[in-house]
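Following: one structure in structure tokens, then a few remarks.
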Amino acid sequence: MEKETKFLTGLAKRIIPCLDVKGGRVVKGIKFREHRDAGDPVELAFFYNKEGADELVFYDITASSDERSIMLDVVRRTANQLFIPLTVGGGLRTVDDMNQMLKAGADKISINTAAVMNPKLISEGAQRFGNQCIVLGMDAKRIPGSNPVRWIIHTHTGADGGHSAGLDAIDWAKQAVELGAGEIVVNSIDTDGTKKGYDLELLRAISDNVSVPVVASGGAGNLDHLVEALTKGKADAVLAASIFHYGEYSIKEAKEYLKKKGIAVRT
Amino acid sequence: MITVIDYGTGNLRSVSKALETVGAETKVSDKPEDIVFAKAIVLPGVGAFYRGMENINKLGILPAILEAIRNNKPFLGICLGLQLLFSESEEHGICKGLDIIKGKVKKFEPNVKIPHMGWNQLRYQKTEDRRQIFNGIPDNSYFYFDHSYYVEPEDKNTIIATTRYGKDFVSAVNKDNIWGVQFHPEKSSDLGLKILENFVKLTKA
Chain A
277 MEKETKFLTG
287 LAKRIIPCLD
297 VKGGRVVKGI
307 KFREHRDAGD
317 PVELAFFYNK
327 EGADELVFYD
337 ITASSDERSI
347 MLDVVRRTAN
357 QLFIPLTVGG
367 GLRTVDDMNQ
377 MLKAGADKIS
387 INTAAVMNPK
397 LISEGAQRFG
407 NQCIVLGMDA
417 KRIPGSNPVR
427 WIIHTHTGAD
437 GGHSAGLDAI
447 DWAKQAVELG
457 AGEIVVNSID
467 TDGTKKGYDL
477 ELLRAISDNV
487 SVPVVASGGA
497 GNLDHLVEAL
507 TKGKADAVLA
517 ASIFHYGEYS
527 IKEAKEYLKK
537 KGIAVRT
Chain B
126 MITVIDYGTG
136 NLRSVSKALE
146 TVGAETKVSD
156 KPEDIVFAKA
166 IVLPGVGAFY
176 RGMENINKLG
186 ILPAILEAIR
196 NNKPFLGICL
206 GLQLLFSESE
216 EHGICKGLDI
226 IKGKVKKFEP
236 NVKIPHMGWN
246 QLRYQKTEDR
256 RQIFNGIPDN
266 SYFYFDHSYY
276 VEPEDKNTII
286 ATTRYGKDFV
296 SAVNKDNIWG
306 VQFHPEKSSD
316 LGLKILENFV
326 KLTKA
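Protein chains in written order, with the working numbering: chain A, 277 to 543; chain B, 126 to 330.
Below you can see the structure in the form of structure tokens.
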């Protein structure tokens, strides 16, 4: 199902910073070039908006139910003042959980393990809020020695890589889209944190097999990695955390670089 | 007071907060009297066409919407709120719309990824005096879209901007004091706020 999006479209490729939030603070002690520590997600959201981020993702890495209210407050405070798309994920298990986040001001909901456990969550969410609201996050791992190469879905990846769900990544992506997912974030467990680039084969395999936008995640270490994901990997957007958080590159620099490489970006 | 119609779909908070940011007083409401007596009306919304129509009918606010439009109140439809203004949609079979602007709502052909999600450019189809809500915004600027269906007005003269996605589709319309945009100004950063500011100005004209 190859999509010819090259022709007749002005749609820009998106750069999406992802903030891991725990108890209302951004984790991983983010440092900017001026060595200012900024742990407030609302403040960081503003910073990234000013820099030209196309969307933002808040990922609640604790997501115990008693901390949900803290996240709701963060989302509310952000959405009251910031007017770019905001996706929220982490620990949302029911349609009511989704509804609360959307009411607080999120535009999209990202679900991962909960969708594997209960695929109906995708269809119920899509029916109630629309496909465009439901983002499937997937954590995929290469099966060593597989030929042709295959990837398997892992869940509960928060703790030491998680465990196999026994699902083929491409099959799961197709199924999720049929159920109503409007976008897929593809995270490679093998490349995540390596800074050696995204798993381009995985990205391309998913992108060629689904009709919805695909977002690359896990492994970006430099700007060429972003370019590769958007060209060879056929991704529609790149999600990145550390290369922006640690101030190695600014989003502005990234966009200028992509533009120079002939990729359409919003500037 | 600008009334943001609450008919049970989507993120109304962003729309009202964005309007307040550009200096408007807003009220989110599903009451006919708040629609009839408003200075201006915004019909936002995401999600399914049939459900939007169902909710409007259930709330009994259709006569109020038509009355406000008859009285030439500035009216802004956003995304689904734009689509609902049209005669009918092909979403879930054929579904009748508000029929305020003659035309159809169609799904994108599968030669492109659906939904059309992300930042895309507007190309103006009218001179400045026919597109006041875009005052001060350069042609080809980017706005945030998130939709699978687009509108096709019968009267091409209502088209004020188009956007390229597999084909040129209609991304903004105007008829009398009715304005409609397929993208989300409340999610399009500073230029989106500029559109809302221009709309608020219309209410003071």
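Even for Gly, the Cβ is constructed at its ideal location relative to N, Cα and C.
inquiry  = If you reduce the DSSP assignment to three classes, tell me which class A/Arg352 lands in.
reply    = helix
inquiry  = Taking 8 angstroms as the limit between beta carbons, can you name the residues of its chain near A/Glu286, skipping five residues before and five after?
reply    = First, the residue type needs correcting, since residue 286 of chain A is Gly and not Glu in the sequence shown. The answer, listed in chain order, is Ala540.
request  = Say whether chain B places a C-beta atom closer than 7 angstroms to the C-beta of A/Ala288.
outcome  = yes
inquiry  = Within 7 angstroms of any Cβ in chain A, is that where the Cβ of B/Gly177 sits?
reply    = no
task = For chain A, find out if any of its Cβ atoms is closer than 7 angstroms to the Cβ of B/Val171; answer yes or no.
result = Closer than 7 angstroms to some Cβ of chain A, the Cβ of B/Val171 qualifies, so yes.
key: Interface partners of A/Ala285 on chain B, CB under 8 angstroms   = Just to set this straight, residue 285 of chain A is Thr in the shown sequence, not Ala. Ordered by position in chain B, the residues that pass the 8 angstroms Cβ test against A/Thr285 are Val237, Asn245, Arg289, Tyr290, Gly291.
message = Between A/Ile291 and chain B, is any beta-carbon pair separated by less than 7 angstroms?
response = no
request  = Note down, in chain order, each residue of its chain lying with its Cβ closer than 7 angstroms to the Cβ of A/Arg426, except the 5 sequence neighbours on either side.
outcome  = Cβ neighbours of A/Arg426 within its own chain (closer than 7 angstroms, five residues either side excluded): Ile419, Asp444.
request  = Could you check if B/Phe162 is buried or exposed, using at least 16 other CB atoms within 10 Å of its CB as the buried criterion?
outcome  = exposed
query = Over what stretch of residues does the alpha helix (DSSP H) that includes B/Ile181 continue unbroken?
reply = 174-184
request  = Anything in chain A within Cβ reach of B/Glu311, meaning under 7 angstroms, just list it in chain order.
outcome  = Phe359
ask   = So, using beta-carbon positions, are A/His432 and A/Asp415 closer together than 7 angstroms?
value = Cβ distance not < 7 angstroms, so A/His432 and A/Asp415 don't count as in contact.
inquiry  = Mapping the DSSP letters down to three states, classify B/Leu272 as helix, strand or coil.
reply    = Reading the sequence as shown, one finds His at residue 272 of chain B and not Leu. Looking at B/His272 - three-state DSSP - the assignment turns out to be strand.
request  = Give a yes or no on whether 7 angstroms exceeds the smallest Cβ distance from B/Asp254 to chain A.
outcome  = no
request  = Pick out whichever of A/Ala457, A/Ala321, A/Leu478 has its Cα sitting closest to the Cα of A/Asp466.
outcome  = A/Leu478
request  = Could you check what DSSP says for B/Thr328 in three-state terms: helix, strand or coil?
outcome  = helix
request  = Can you grab the Cα-Cα spacing for the pair B/Lys232 / A/Ile428, in whole Å?
outcome  = Spanning the two alpha carbons is a distance of roughly 33 angstroms.
key: Touch test, the segment 299-319 of chain B against the segment 513-528 of chain A, Cβ-Cβ under 8 angstroms, three pairs minimum   = no
request  = Starting from the beta carbon of A/Ser487, find every residue of chain B whose beta carbon is closer than 8 angstroms, and list them in chain order.
outcome  = Going along chain B in sequence order, the residues near A/Ser487 (Cβ under 8 angstroms) are Pro235, Lys238, Ile239.
task = Mind reading off the beta-carbon distance from A/Met374 to A/Gly401? Whole number of angstroms is fine, and I expect it under 8 angstroms.
result = A/Met374 to A/Gly401, Cβ: 5 angstroms. Contact.
message = Under 9 angstroms, CB to CB, which of the residues in the segment 388-419 of chain A have a partner in chain B?
response = Gln403, Arg404, Phe405, Gly406, Asn407, Gln408, Cys409
task = Give me whichever residues DSSP pairs with B/Cys204 in a beta bridge.
result = According to DSSP, which records beta bridges pairwise, B/Cys204 is partnered with nothing at all.
ask   = Buried or exposed: which applies to A/Thr543, given that a residue is buried once 16 or more other Cβ atoms fall within 10 Å of its Cβ?
value = Looking at its Cβ environment, which holds fewer than 16 other Cβ atoms inside 10 Å, A/Thr543 is exposed.
ask   = Is the beta carbon of B/Glu215 less than 7 angstroms from the beta carbon of B/Gly222?
value = no
ask   = Name the chain B residues that come within less than 8 angstroms of A/Arg426, Cβ to Cβ?
value = Here the premise fails: no neighbours, minimum Cβ distance about 24 angstroms.
task = Kindly confirm or deny that the segment 142-154 of chain B and the segment 187-205 of chain B touch, where touching means at least three C-beta pairs closer than 8 angstroms.
result = no
task = Could you tell me whether the segment 314-323 of chain A touches the segment 353-363 of chain A, using the rule of 3 or more Cβ pairs below 8 angstroms?
result = yes
query = What residue range is occupied by the uninterrupted alpha helix (DSSP H) comprising A/Asp484?
reply = 476-485
ask   = When burial is assigned at 16 or more other CB atoms within 10 Å of the CB, is A/Glu310 buried or exposed?
value = Its pLDDT being 44, under 50, A/Glu310 is placed unreliably in this model, and the value from its coordinates should be taken loosely. Exposed is the call here.
query = Tell me which same chain residues have a C-beta within less than 8 angstroms of the C-beta of A/Phe405, skipping the five on either side of it?
reply = Met374, Asn375, Leu378, Ile385
key: Where B/Ser214 falls: helix, strand or coil (DSSP)   = strand
ask   = Are the beta-carbon atoms of B/Pro240 and A/Gln408 separated by less than 7 angstroms?
value = One thing to note: B/Pro240 has its Cβ within 7 angstroms of the Cβ of A/Gln408.
query = Closest Cβ-Cβ distance between B/Val222 and chain A: below 7 angstroms?
reply = A small correction: the amino acid at residue 222 of chain B is Gly; Val does not occupy that position in the sequence shown. So, not an interface residue.
Where B/Asp271 meets chain A, residues with beta-carbon distance less than 7 angstroms = Gln408
ask   = Got a sec: is the Cβ-Cβ distance from B/Ala338 to anything in chain A below 7 angstroms?
value = Lying before the first or after the last residue shown, residue 338 of chain B is absent from chain B, which here runs from 126 to 330.
query = Around the C-beta of B/Ala330, are 16 or more other C-beta atoms found within 10 angstroms, so that it is buried, or is it exposed?
reply = That one is exposed.
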